[in-house]
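Asks: Using our numbering, the first residue of the sequence shown is number 1031, and each one after it goes up by one.
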Amino acid sequence: MLTYFSAAAIFVAVVFAPITGAQMEIGSGDIVTEPRLTAEELYQWEGDLCGMSPRIPGTENLDLARDYIVQKLQIFGLETWLEPINFRGVFYHNWSLTLLEPEERSIVCYPQVQVGLGDVTAEVVNVGSGMEKDYEGKDVEGKIVLVNWGTITDHELPCMLRMRYTQLVTYDVAWSHGAAGMIGYCEDTFDHGLRILEPGINPNGGSNTKGRCEVGPNHEILLPVLNIGLKEALHLKELLKSKPVKANLLIEGVRKVSTVWNVMGRLPGKTNEVMFIGSHYEAPFENVLFT
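1. Taking only the alpha-carbon atoms, compute the straight-line gap between glutamate 1162 and leucine 1270 and give it to the nearest angstrom.
2. Pick out whichever of Gln1142, Tyr1165, Thr1219, Pro1254 has its Cα sitting closest to the Cα of leucine 1355.
3. For the alpha helix (DSSP H) that contains valine 1150, what are its first and last residues?
4. Take glutamate 971 and list the residues in its own chain whose beta-carbon comes closer than 7 Å to its own, dropping the five residues that flank it on each side.
5. Classify valine 1287: buried if its beta carbon has 16 or more other beta carbons within 10 angstroms, exposed otherwise.
6. Pull up the CB-CB distance for alanine 1263 and leucine 1129, whole angstroms please, since I reckon it's below 8 Å.
7. Between which two residues does the alpha helix (DSSP H) carrying leucine 1092 extend?
8. Could you check what DSSP says for aspartate 1165 in three-state terms: helix, strand or coil?
9. Does DSSP put glycine 1241 in a helix, in a strand, or in coil?
10. Rounded to a whole number of angstroms, what is the C-alpha to C-alpha distance between aspartate 1078 and alanine 1095?
11. Applying the criterion that 16 or more other CB atoms from any shown protein chain within 10 Å of the CB defines a buried residue, is histidine 1185 buried or exposed?
12. What runs of the alpha helix (DSSP H), each 4 residues or longer, lie entirely inside the stretch 1240-1319?
13. Let me check one thing: in DSSP terms, what residues is valine 1120 bridge-paired to?
14. Are the CB atoms of leucine 1147 and glycine 1283 nearer to each other than 8 Å?
15. Evaluate glutamate 1312 with the Cβ neighbour count: other Cβ atoms within 10 Å of its Cβ, from every protein chain shown; 16 or more gives buried, anything less gives exposed.
16. For the stretch 1156-1171 and the stretch 1207-1214, state whether three or more C-beta atom pairs, one from each stretch, are separated by less than 8 Å.
17. Alpha carbon to alpha carbon, what distance is there between tyrosine 1073 and lysine 1300?
18. Please state if the CB of tryptophan 1291 and the CB of glutamate 1113 are separated by a distance shorter than 8 Å.
19. Keeping to the same chain, check which residues put their C-beta closer than 7 Å to that of tyrosine 1165; ignore five residues upstream and five downstream.
20. Going by DSSP in three states, glutamate 1071 sits in which element: helix, strand or coil?
21. Please work out which residues of its chain come closer than 7 Å, Cβ to Cβ, to aspartate 1221, disregarding the five sequence neighbours upstream and downstream, and give them in chain order.
Shown next as structure tokens:
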């Protein structure tokens, strides 16, 4: 059996098929005939990768993790190579969500994938699930909309059916109504837990199913979108029931073309059967694996 190991910066895959595509050979390491892996050693590897966090595609930390994984695979005797993937990315340098009225404080947040940059100070409007019907009778022009993105199933199912990701539909509707920014949350997260959704992003720009919020030749999503935890979202909704809420939404960064690398390893076996094992190695936070 021939076994392939893939540390993919873009997706997770487990298949039983030969691997094709561009390959850049970088050699193989010393074969370990009787590897002995202790819990302490495994924990050390986790600590090493956490020390390279966050590992965002197109950044130095991800390159460091790539080289680290290559070294480990080579030590185990795998033939290794890299497969490049060029992509148009949004690289966030700074972001924040600050509540200004009726109280002043910062809210823990994180930008969603490939969204717009901006510095918006405006009134916050609760638009429920963010669908067209939720905007009836509401003026959101130049304002920040608060959207309930529901549960993970609400997004993954349309994606599996090759339909437009539900989260992207909320961007489309907000953009068409003139919203200046979006605060979103998921109702199946806990307290301050954040969920970073990857809504079928196309490496060449925009998404795999184009929509109204994607602008220009590169289909850029220009709407600034921050994700907050359920506890904070429920507090905002409660405030909005009795008084106006004003906030500042900030996302700073750059848009540019960059490259990520799939790390590939091959371990020859004794049969013609092929096993393919894959995993993400990028991470938006301080952790070992994104998935």
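Cβ atoms here follow ideal geometry from the backbone N, Cα and C, with glycine treated the same way. Note that the structure is predicted; figures quoted are calculated from it, not measured.
Replies: From the atom records:
1. The straight-line gap from Cα to Cα measures roughly 20 Å.
2. What the structure shows of the chain is the stretch from 1031 to 1321, and residue 1355 is not part of that stretch, so it cannot be assessed.
3. Counting along the chain, no alpha helix (DSSP H) covers valine 1150; the unbroken beta strand (DSSP E) around it starts and ends at 1148-1156.
4. Past the boundaries of the shown model lies residue 971; the chain is included only from 1031 to 1321, so the question cannot be answered.
5. By the 16-neighbour rule on beta-carbons within 10 angstroms, valine 1287 is exposed.
6. Contact flag wrong, Cβ pair sits at about 12 Å.
7. Residues 1090-1105.
8. Correcting the residue identity first, residue 1165 is tyrosine in this sequence and not aspartate. DSSP places tyrosine 1165 in helix when its eight states are reduced to three.
9. The DSSP-derived three-state label of glycine 1241 is coil.
10. Each residue's Cα considered, the two are about 9 Å apart.
11. Result: buried.
12. For the stretch 1240-1319, whole alpha helix (DSSP H) runs of length 4 or above, ordered along the chain, are 1260-1270.
13. Answer is Arg1285.
14. With respect to the 8 Å criterion, leucine 1147 and glycine 1283 are classified as neighbours on the basis of their beta carbons.
15. Buried, because 16 or more other Cβ atoms sit within 10 Å of the Cβ of glutamate 1312.
16. Short answer: they touch.
17. Near 31 Å, if we compare the C-alpha coordinates of tyrosine 1073 and lysine 1300.
18. Taking the C-beta atoms as reference points, tryptophan 1291 is found nearer than 8 Å to glutamate 1113.
19. Only Val1157, Val1203, His1207 meet the Cβ criterion.
20. Three-state DSSP puts glutamate 1071 in a helix.
21. Correct list, in chain order: Gly1259, Leu1260, Lys1261.
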